[in-house]
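Numbering (my numbering), first residue to last: 1 to 342.
All C-beta atoms, glycine included, are put in the ideal place defined by N, C-alpha and C.
Here it is, written out as structure tokens:
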């Protein structure tokens, strides 16, 4: 191991403090073995963590508060206080104060990410309504990080050990999906997907399945023209270049028959077409990765889960996997960068 080696520093935003974010963060980091692999930095509030540590009786969770200008302690869980004011914690209740706190956490982590102080960021769930403000006018984390990291485009990619699903259109109303399916958009998303499979997941020759938009992939125009006029020409263009791209497949039977298991990733046309089967197959272990960014950002694939917040019922499996996925991608990118230099 190189003398210059240091454990990757993974920033973790606290999310909505009235949701399950703090709970799954604490549970995911409670096992001290995680410190053997990463240096965790939680962007949030020591008061919030202390509240949930006590309320959920998770007494083995310990951390070190990071003061301004201090360096991170590689042997401990680091916590940065992102706000000073006292915010009432009301598990299961959406409040504007919790939304403001969630944004302050994201803002602080983003600054450190851009400044190179952390190697990746893992975001705990937010409430997309109460976080809206003059500073945050985005449909979600994906759109926010795409803009602040100045990416031309990005891709929502859901990952687990068994399946990877990306979407051409993300957080837009279903009535706008058809108009958003253009050759340019499908081509851009497919290019990002193939690139990230190679660069971030180490797959030399990825095999990608592309789903159709309409029922039965349009039935050769009987049920819509998008599949044969827009999606198919893009697939053929990539295949002519030597990429292993196949489809468009009818979405209904593709997952039920297990066909997805033959591919390294699946490109769905819209949010629910891809995320419903993904979460059915891998809900507890799924990870949301924003592909196409200059920096690494992952998150668990669930929301704030207000209905079980503060009850010690939330599973930390997806959060833990989001942390390890971020670690793996950071390592893959570093190895490729080192290989390129050599």
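| query | result |
| --- | --- |
| Reference residue 207; option with closest CA among 226, 90, 333 and 267 | 267 |
| Three-state secondary structure assigned by DSSP to residue 214 | coil |
| Coarse secondary structure for residue 31, derived from DSSP in three states | coil |
| Beta-carbon gap between residue 91 and residue 21 smaller than 8 Å | no |
| The beta strand (DSSP E) enclosing residue 420, as first and last residue numbers | In this structure the chain extends from 1 to 342, so residue 420 is not present and cannot be described. |
| Interface flag, residue 106 vs chain D, CB-CB below 8 Å | In summary, chain D is missing from the structure at hand, where a single protein chain is found. |
| For residue 194, the three-state DSSP class (helix, strand or coil) | helix |
| Classification of residue 196 by the beta-carbon crowding that lies within 10 angstroms, buried from 16 upward | buried |
| Beta-bridge partners of residue 168, as assigned by DSSP | Its beta-bridge partners do not exist; DSSP assigns none. |
| Chain-order list of residues whose beta-carbon lies under 6 Å from that of residue 109 (same chain, five-residue window excluded) | 11, 13, 43 and 121 |
| Presumed contact (8 Å Cβ cut-off) between residue 118 and residue 186, rounded CB distance | About 33 Å separates the two Cβ atoms, so there is no contact after all. |
| Residue 246 beta carbon less than 8 Å from that of residue 351 | One cannot answer for residue 351 here, as it falls past the ends of the chain, which runs 1 to 342. |
| 7 Å Cβ shell around residue 37 - same chain, five flanking residues per side excluded | 7 and 327 |
| Sequence-distant residues of its chain with Cβ nearer than 7 Å to residue 103 (five each side left out) | 131, 133, 135 and 136 |
| Reference residue 226, options 240, 238, 250 and 286, closest by Cα | 250 |
| Contiguous beta strand (DSSP E) assignments of at least 3 residues, all confined to the stretch 79-148 | 120-123 |
| Check whether residue 287 and residue 82 have beta carbons under 8 Å apart | no |
| Which of helix, strand or coil DSSP assigns to residue 185 | helix |
| Classification of residue 84 by the beta-carbon crowding that lies within 10 angstroms, buried from 16 upward | exposed |
| Cβ pair residue 248, residue 212 closer than 8 Å | yes |
| 4-residue-minimum alpha helix (DSSP H) runs that sit fully inside the stretch 214-269, ordered along the chain | 232-240 and 251-256 |
| Outcome for residue 297 when other beta-carbon atoms lying within 10 angstroms are tallied against a minimum of 16 | buried |
| Neighbourhood of residue 352 by C-beta distance below 8 Å, restricted to the same chain and skipping five residues each side | One cannot answer for residue 352 here, as it falls past the ends of the chain, which runs 1 to 342. |
| Rounded separation between residue 304 and residue 93 - CA only | 10 Å |
| From 61, 88, 89 and 180, residue whose alpha carbon lies closest to that of residue 76 | 61 |
| Cα-Cα separation, residue 341 to residue 88 | 51 Å |
| Cβ shell of residue 281 (< 6 Å), same chain only, five flanking positions each side left out | 163 |
| Residue 168 and residue 270 closer than 8 Å at C-beta | yes |
| Sequence-distant residues of its chain with Cβ nearer than 7 Å to residue 284 (five each side left out) | 315, 317 and 318 |
| Cα-Cα separation between residue 161 and residue 113, rounded to whole angstroms | 27 Å |
| Endpoints, alpha helix (DSSP H) assigned at residue 177 | 177-180 |
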